[in-house]
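**Student:**
Here it is, written out as structure tokens:
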């Protein structure tokens, strides 16, 4: 029987165009590489912030807002992008988003002051947000039964970007003799990756139909409305996770250099250690596919809180900070980020996977956008120790409170979708 209906994005991939293992591996590797560059773009700003502040005369509050305010772009892009990727080509969305954040990165070193640099950071954030939403929608659809593990692999790529960004970026800046150098190099790499995505990533992967092999009746236990009690509870947890992790990332190098007296290289290495910790997203995703994610997230919040307490109240040596940065990356990024995003997708029915990804982007990154400004204000009023105590140690309790609203029996869980 011939299908005469007009071709659409959602019906494009069929068994006749089934991808080989090599095709899946190469396409997924390129998508992960683009997300790694996304992370490198974000991370290079933090260790260079003291130099940028010195040149432009920005206050600590302005620096904090620049450091994390770009995530408002990720947040604003979340819901519209989630709507788009449920309706149009995800590959096209990913391609355009990589180009957008690369242009934003290219424009940052051309800024003349706070206002236009903020705009360029916001533009970069929009591109990064759209890419992340589309990428996690691809994962939720193509790797349906093992989405947390696949998200863990993407988390490893993100962690590699967090690890490499400060180290590579500061070396480029040193060789260039100016903080602007890394932004030009990373922007060029983004343009190159967009060409690779166009050439080697198959639409069979990006346009997969979510849960196509599973009966729709399987999901009757999941609320039909994507805006439900579970997404509310998870939204609170996501917001707290974003506020904590980006509050840490945004001014952590400044804390190390201005409060503990670390060199620029030592601060960059500490931030890179947090990226190494973020690579623990793979085992975190593996655990998320096998155990109750609500409990896993609660444990991660407690571990993040304990790590922050030691980081800002007791540890002063370089070795201690390297270890603690690794642990913060492990719990606040590897475990919280990976399991927040996949849990949010599991809180909605499969046909709403794009909106689930968008809800995560909105809740996580709206909070992240103002985390640097809040942290800077707390530093001004309470000092570094007080800021670390309230925003990074006490706040995670609110995330655990949000998880109390979550009913995992009304979510898409792996054992209920496996034949």
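Residue numbers (this note's numbering): 53 to 471. Where is the CB? At the ideal position from N, CA and C, for every residue including glycine.
Would you decide whether residue 107 is buried or exposed? Buried here means 16 or more other CB atoms lie within 10 Å of its CB.
**Tutor:** Counting from one through the chain shown, the residue named residue 107 turns up at place 55. When all chains shown are included, residue 107 counts as exposed.
**Student:** Work out the CA separation of residue 129 and residue 415 for me, nearest whole Å.
**Tutor:** Within the chain shown, the letter at position 363 stands for residue 415. Within the chain shown, the letter at position 77 stands for residue 129. One C-alpha to the other measures close to 11 angstroms.
**Student:** Restricting to runs no shorter than 4 residues, where is the alpha helix (DSSP H) found entirely within the stretch 121-160?
**Tutor:** Complete alpha helix (DSSP H) runs here, min 4: 123-137 and 142-159.
**Student:** Would you kindly work out how many angstroms separate the C-alpha atoms of residue 271 and residue 74, rounded to a whole number?
**Tutor:** Stepping through the chain shown from its first residue, residue 271 is reached at position 219. Stepping through the chain shown from its first residue, residue 74 is reached at position 22. Rounded to the nearest angstrom, the two C-alpha atoms are 32 angstroms apart.
**Student:** Out of 454, 218, 111 and 254, state which residue places its alpha-carbon closest to the alpha-carbon of residue 166.
**Tutor:** Counting from 1 along the chain shown, the entry for residue 166 is found at position 114. With distances taken between Cα atoms, residue 166 lies closest to 111.
**Student:** Does the structure place the stretch 378-397 close enough to the stretch 326-337 that three or more beta carbon pairs sit under 8 angstroms?
**Tutor:** Output reads yes: the stretch 378-397 touches the stretch 326-337.
**Student:** Skipping 5 residues on each side, what residues in its chain have a beta carbon closer than 6 angstroms to that of residue 233?
**Tutor:** Position 181 of the chain shown, counting from 1, holds the residue named residue 233. The answer, listed in chain order, is 224 and 225.
**Student:** Only counting the same chain, and skipping five residues up and downstream in sequence, which positions put a Cβ closer than 8 angstroms to that of residue 392?
**Tutor:** Indexing the chain shown from 1 puts residue 392 at position 340. Result list for residue 392: 286, 289, 290, 293, 349, 412 and 416, in chain order.
**Student:** Hey, would you say residue 126 sits closer than 9 angstroms to residue 178, going by beta carbons?
**Tutor:** Here residue 126 refers to the residue found at position 74 when the chain shown is read from its first residue. Here residue 178 refers to the residue found at position 126 when the chain shown is read from its first residue. Going by C-beta atoms, residue 126 is nearer than 9 angstroms to residue 178.
**Student:** Have a look at residue 302 and residue 98 and give me their C-alpha separation to the nearest angstrom.
**Tutor:** Numbered from 1 along the chain shown, position 250 holds the residue referred to as residue 302. Numbered from 1 along the chain shown, position 46 holds the residue referred to as residue 98. One C-alpha to the other measures close to 6 angstroms.
**Student:** DSSP state of residue 274, grouped into three classes?
**Tutor:** Sequence index remark: in the chain shown, residue 274 carries index 222 (1-based). Coil at residue 274, not helix or strand.
**Student:** Please check the pair residue 121 and residue 424, which I expect to be a contact at CB under 8 angstroms, by giving their CB distance rounded to whole angstroms.
**Tutor:** To locate residue 121, count along the chain shown from 1; it is residue 69. To locate residue 424, count along the chain shown from 1; it is residue 372. Rounded, the Cβ-Cβ distance is 7 angstroms, consistent with contact.
**Student:** Would residue 407 pass as a contact of residue 345 if the rule is Cβ separation under 9 angstroms?
**Tutor:** Mapped onto the chain shown, residue 407 falls at position 355. Mapped onto the chain shown, residue 345 falls at position 293. For residue 407 and residue 345, no; Cβs fall outside 9 angstroms.
**Student:** Specify, as a first and last residue, the run of the alpha helix (DSSP H) that residue 335 falls within.
**Tutor:** Your numbering for residue 335 matches position 283 in the chain shown. Residues 333-340.
**Student:** Do residue 123 and residue 181 have their C-beta atoms within less than 9 angstroms of each other?
**Tutor:** The residue you call residue 123 lines up with position 71 of the chain shown. The residue you call residue 181 lines up with position 129 of the chain shown. Yes; because the gap between Cβ atoms is below 9 angstroms, this pair is in contact.
**Student:** Terminal residues of the continuous alpha helix (DSSP H) containing residue 344?
**Tutor:** Counted from its first residue, the chain shown places residue 344 at position 292. Element bounds for residue 344: n/a, residue is neither H nor E.
**Student:** List in chain order: all unbroken beta strand (DSSP E) runs of 3+ residues lying wholly within the stretch 158-238.
**Tutor:** Fully enclosed beta strand (DSSP E) runs of 3 or longer: not present.
**Student:** Cα separation between residue 151 and residue 366?
**Tutor:** By 1-based counting over the chain shown, the position of residue 151 is 99. By 1-based counting over the chain shown, the position of residue 366 is 314. Their Cα atoms are separated by approximately 43 angstroms.
**Student:** Do residue 183 and residue 146 have their CB atoms nearer than 9 angstroms?
**Tutor:** Taking the chain shown and counting its residues from 1, one reaches residue 183 at position 131. Taking the chain shown and counting its residues from 1, one reaches residue 146 at position 94. For residue 183 and residue 146, yes; Cβs fall inside 9 angstroms.
**Student:** Among 76, 90, 319 and 370, which residue has its Cα nearest to the Cα of residue 241?
**Tutor:** Position 189 of the chain shown holds residue 241. Minimum Cα distance to residue 241 is reached at 90.
**Student:** Tell me the DSSP secondary structure of residue 426 in three-state form.
**Tutor:** Residue mapping note: residue 426 aligns to position 374 of the chain shown, counting from 1. Of the three classes helix, strand and coil, the one that applies to residue 426 here is helix, per DSSP.
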